[in-house]
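Asker:
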Amino acid sequence: MSKRKVDRWHELCQLVATDDGRPVREVGIWTEKKLWFWNRYVDIVTSAMVGHPMWRTGLAYVDLFAGPGVCVIRENGRRIPGSVLIAAHAPKPFRRIVACELNPDLANACEARIANTSAAGRCRIVTGDCNARIHDILSAIPESVLTLAFIDPPGLDAHFETIRTLAAKGRVDLLVLFADAVDALRNVGQYTTQQDSNLDLVLGVDSNWRTRRKELNDCTANRFRILLADIYRGQLRQLGYSQFGEKIMSTRHGPLYRLVFASKHERGLEFWDKVTKKDKGGQKDLF
Ligand SMILES: C[S@@+](CC[C@H](N)C(=O)[O-])C[C@H]1O[C@@H](n2cnc3c(N)ncnc32)[C@H](O)[C@@H]1O
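Every position in the sequence shown, counted from 1, becomes a number in my numbering once 193 is added.
Listed below in C-alpha cells is the structure:
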C-alpha cells in the first residue's frame, strides 16, 4: 500500500524554485510558517470537501491581498509560493479562484504565473483596492459554494465593511492577518486622535475600541493586543461567525501579528485545529 503524502509544501516550493524574471515579494522568514499553515489548511479542506455531497456546487478561493504569487525569503533567498499558487495547486480543484491586488505589476505577475497552471481558466484577477472592488470580487464567486478567503494585508488595510460584504456571500471561512503588533500597537497614538483611522476601519466604526481601551486597568501592550483581538472576534460574531482559531506569529523580538481563523460552522474549526497542531518541523505546536 502506498504511503499517504502528508505534506506537499516541498513540492510546491520546487515548482517556484527557478527565477522566472517576474516580480516577487520579499518577506521575513516567518512568512513561510504562515503560508505553510495555510497550504495545509487548503490541502485538508479541498481533500475533504471538493466532491462532498454537501458542496455539490464546489469550493471557491479568494485572496484579497494577492501579491505576485511568489515570495522570496529575505534571510536565505528561498522562493516559496504565495497563496494564489497554493490554491491553484490544491490537490482537488477549486471551482473558482479570485485574487485581488492593488499594484498592477504584481497583479500581472500573479496572472502570468497562474496562466502556467491548470487553474488558468478558473482564475480571475482583480486589479485595484479590494475595499473598493469587493463587489467585483464577489460577482466572480459562484453562488452557493463554500468559500475560503485569505485576507493577508500588509497592515491595517482590510476594512470591516469589506469583510461584512464578503461574509454575506454565504459560507465563507476566513483567515485574516490582524496586524495588532506591527501596526495597531505601533500607531495607537495616531489612531486614538484620528477619526475613521485605519484601526476604526478594520475593527468596524462601531467597535468602541477607544472607550474599551480606557477601561483597561493596566493597559500593557499585551493587554491591548488581547483587547483588540477580543473586539475583532466580537465584530465577526455579529456577522454570524461562531468558531474561532488563532495563531500568534512572533520573532525573538516579540509578536508581529495574529492570524484569526473564523468559520460559521464547527467543521471549519476542526480543520483549522488539525492544521495548527503541528509546526513546520513536524513537532507539536511550539509557537
Ligand atoms: C502581505 S502581501 C500579500 C501576500 C500574498 N497573500 C501571498 O500569499 O503571497 C500584501 C499585498 O497586498 C497588496 N495590497 C495592499 N493594499 C491593498 C488593497 N487595499 N487591496 C488589494 N491589495 C492590496 C500589496 O501590494 C501586497 O502585494
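Note that CB positions come from ideal geometry on N, CA and C, so glycine has one too. Source: prediction; values computed, not measured.
Tell me which residues share the same chain as L378 and place their Cβ nearer than 6 Å to its Cβ, disregarding the 5 neighbours each side in the sequence.
Answerer: A414
Asker: Indicate, with yes or no, if ligand 1 has a heavy atom lying under 8 Å from the CB of S276.
Answerer: Yes, since a heavy atom of ligand 1 falls inside the 8 Å radius drawn around the Cβ of S276.
Asker: With R268 as the anchor, note down where its beta strand (DSSP E) starts and where it stops.
Answerer: What sits at residue 268 in the sequence shown is Glu, not Arg. Where E268 is concerned, there is no enclosing beta strand (DSSP E), given that its DSSP letter is neither H nor E.
Asker: Which residue wins for smallest C-alpha separation from L367, given the options S332, Y384, K407, R426?
Answerer: Nearest in C-alpha terms to L367, of all of S332, Y384, K407, R426, is R426.
Asker: Distance check for W202 and W229, CA to CA, integer angstroms please.
Answerer: 7 Å
Asker: What is the DSSP secondary structure of N436, counted as helix, strand or coil?
Answerer: It should be noted that the sequence gives Gln, not Asn, for residue 436. Looking at Q436 - three-state DSSP - the assignment turns out to be strand.
Asker: May I ask whether a heavy atom of ligand 1 can be found less than 8 Å away from the beta carbon of L370?
Answerer: yes
Asker: Please look up how many angstroms separate the CB atoms of Y234 and W465, rounded, as I've assumed it's under 8 Å.
Answerer: About 7 Å separates the beta carbons of Y234 and W465, which is inside the 8 Å limit, making them a contact pair.
Asker: State the beta-bridge partners of L420 as determined by DSSP.
Answerer: DSSP output for L420 lists no bridge partner at all.
Asker: Helix or strand or just coil, what does DSSP make of C565?
Answerer: As shown, the chain starts at 194 and ends at 480. That puts residue 565 outside it, with no answer to give.
Asker: Taking its Cβ as the centre, do 16 or more other Cβ atoms sit within 10 Å of S240, making it buried, or is it exposed?
Answerer: exposed
Asker: The beta strand (DSSP E) with E294 in it runs from where to where?
Answerer: For E294, the enclosing beta strand (DSSP E) starts and ends at 289–294.
Asker: State the Cα-Cα distance for the pair L205 and C316, rounded to the nearest angstrom.
Answerer: 18 Å
Asker: Under 7 Å Cβ to Cβ from L449, same chain only, skipping five residues before and after it: list those, please.
Answerer: Once the five neighbours on either side are set aside, the close Cβ partners of L449 are W223, A374, V375, M442, S443.
Asker: Buried or exposed for K477, going by 16 or more other Cβ atoms inside 10 Å?
Answerer: Bear in mind that the predicted position of K477 carries a pLDDT of just 46, short of 50, making it too unreliable to give a figure here.
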